[in-house]
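In my numbering, the protein residues as written are 3 to 448.
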């Protein structure tokens with residue numbers, strides 16, 4: 003497997019050329035990576051007009067994923083914006099207003115893109131008892147939602163895997179989308195590795211038209227490295243305009259450190275990653291069995307996540323995360339109810355054994371019976387675009403009843419809003435704010 007980007011940069015670093023170009027460090031080390039941190043010099047190609055080494059590297063990634071694959075150095079957020087732009091463009095070329103039917107657990111990037119592109123959103127809601135971070139829609143429910151739609155959406159947009167490690171039946175959802183002639187877009191940020199399981203569970207292989215993968219979340223890629231994948235069966239305009247879509251939202255100074263990381267990961271994947279992944283998942287599954295036998299309740303069906311329902315073990319999720327931290331284990335995310343651990347083969351069997359020992363050392367306490375507030379559908383009174391571009395103010399969440407949310411200012415993780423821009427905050431939303439520790443909200447000025 004060739005690594006054209008990394009090879010070019012290495013040769014340039016070894017040339018000891020006088021760097022009269024950006025970046026300002028000129029290859030002189032402060033951090034230690036400056037010698038291989040470059041910009042679009044002659045021969046280095048250009049990410050959004052790729053004709054040389056970047057195009058070659060993306061072609062190699064395309065072969066690995068069985069799709070038309072494009073690099074992002076700005077995470078899946080850039081890929082999400084580009085996918086939604088392409089779907090909107092496709093709709094408008096058919097003289098239709100773009101409508102996206104989306105799972106309610108969409109990342110806040112989806113909401114900001116709705117405001118920027120001004121498309122309409124129809125929400126698919128979680129089941130009773132589900133966390134607001136999940137929306138385990140199935141084919142039958144989607145079929146019913148589409149059959150009852152006054153106007154057919156341009157695309158269905160789902161998040162799978164979600165932050166808690168739940169995946170949906172993408173193949174069945176794809177079948178329903180094709181039945182109604184709508185596109186399927188998947189936020190697969192947490193699932194780049196799904197392609198390389200013994201039987202692929204990657205959205206493109208299951209029928210999605212487009213998806214994003216945050217390579218940095220589950221592959222050995224530097225933070226910010228991601229992919230946008232387009233199915234070979236998708237409308238031709240998607241691949242033809244993919245670079246335009248990415249350039250519309252992306253920085254004109256993409257990181258060559260991240261590009262090298264994506265480039266080298268092609269070789270990593272080709273050089274025995276499938277076998278390494280399969281062996282590691284066996285170790286993880288053995289760990290799951292031991293933890294469950296010890297009394298832990300684990301959620302989700304994603305192979306490389308361990309999501310602990312901590313209240314059933316006697317802990318608030320954040321308290322449980324603190325107990326792990328005291329034992330040298332740092333979790334990905336924790337809230338009142340869950341503690342999420344993300345695993346990859348890089349931690350190895352030794353890391354899994356260390357985790358198991360740490361969790362065995364946390365004593366089980368009495369079950370905490372308090373449940374999160376039920377998910378409630380707030381009334382939408384204006385479009386996301388109108389809300390985001392309206393004059394706004396920050397107020398106390400406890401005093402926000404009746405106000406209209408202007409901006410989904412939620413942190414990452416998990417970056418999933420409880421109330422969406424343009425919705426009116428009600429008492430149920432305020433209970434959720436209180437439960438999840440949200441004390442300030444940005445609302446439209448009255």
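The beta-carbon is built from N, C-alpha and C at its ideal position, and this holds for glycine as well.
In terms of Cα proximity to residue 326, the closest of 169, 308, 286, 364 is 364. It is roughly 7 Å from the alpha-carbon of residue 117 to the alpha-carbon of residue 390. The C-beta distance from residue 385 to residue 215 rounds to 30 Å, too long to meet the 8 Å contact threshold.
Membership of residue 358 in the alpha helix (DSSP H) is indicated by the continuous run 350 to 362. Looking from the CA of residue 414, the closest CA among 248, 43, 135, 66 belongs to 135.
Residue 69 carries a coil assignment under DSSP once its states are collapsed to helix, strand and coil. Using a Cβ distance threshold of 8 Å, residue 55 and residue 47 count as a contacting pair.
For residue 219, the uninterrupted alpha helix (DSSP H) run begins and ends at 217 to 220, by DSSP. Here residue 369 is exposed: its Cβ has fewer than 16 other Cβ atoms, across all protein chains shown, within 10 Å. Taken through DSSP and simplified to helix, strand or coil, residue 30 comes out as coil. Comparing alpha carbon positions, the residue from 248, 75, 286 closest to residue 308 is 286.
Assignment of residue 429 by DSSP, reduced to helix, strand and coil, places it in the helix class.
DSSP places residue 395 within a strand segment (E or B) once states are collapsed to three. If only uninterrupted beta strand (DSSP E) runs of at least 3 residues are considered, those enclosed by the region 97 to 145 are 101 to 105, 122 to 126. Within the DSSP secondary-structure output, residue 308 pairs in a beta bridge with 343.
A residue is called buried once 16 or more other Cβ atoms fall within 10 Å of its Cβ, and residue 446 is buried on that count. If one requires a minimum length of 4 residues, the alpha helix (DSSP H) runs lying completely within the region 190 to 263 are 217 to 220, 238 to 242, 244 to 251, in chain order. In the DSSP annotation of this structure, the continuous segment of the beta strand (DSSP E) that includes residue 407 starts and ends at 407 to 409. The closest CA to that of residue 43, considering only 291, 433, 256, 225, is found on 256.
For the set 332, 348, 264, the Cα lying nearest the Cα of residue 278 is the one of 348. Under DSSP, no beta-bridge partner is assigned to residue 169. Residue 161 is positioned such that its CB atom lies no closer than 8 Å to that of residue 195.
Between the C-alpha atoms of residue 83 and residue 49 there is a straight-line separation of about 17 Å. Within the same chain, 60, 63, 64, 229, 231 come within 7 Å of residue 71 by CB-CB distance, once the 5 residues on both sides are set aside.
Distance from the CA of residue 169 to the CA of residue 205, rounded to the nearest whole angstrom, comes to 11 Å. For residue 325, the enclosing alpha helix (DSSP H) stretches over residues 319 to 328. Leaving aside the five residues that flank residue 166 on each side, the residues in its chain whose CB is nearer than 7 Å to its CB run, in chain order, 133, 135, 136, 301, 302, 309, 340, 342.
Cβ-Cβ separation between residue 409 and residue 394: approximately 6 Å, consistent with a contact (criterion under 8 Å). In the three-state DSSP reduction, residue 11 falls in the helix class (H, G or I).
If you draw a straight line from the Cα of residue 213 to the Cα of residue 258, it is about 23 Å long. DSSP places residue 335 within a strand segment (E or B) once states are collapsed to three. Looking at the DSSP output, residue 301 bridges to 309. Counted as a single uninterrupted DSSP element, the beta strand (DSSP E) harbouring residue 157 occupies residues 157 to 161. For residue 37, the secondary structure class from DSSP, reduced to helix, strand or coil, is helix. Close CB contacts of residue 153 within its chain, under the 7 Å cut and outside five residues either way in sequence, are with 101 (chain order). In this chain, the beta strand (DSSP E) harbouring residue 442 covers 442 to 446.
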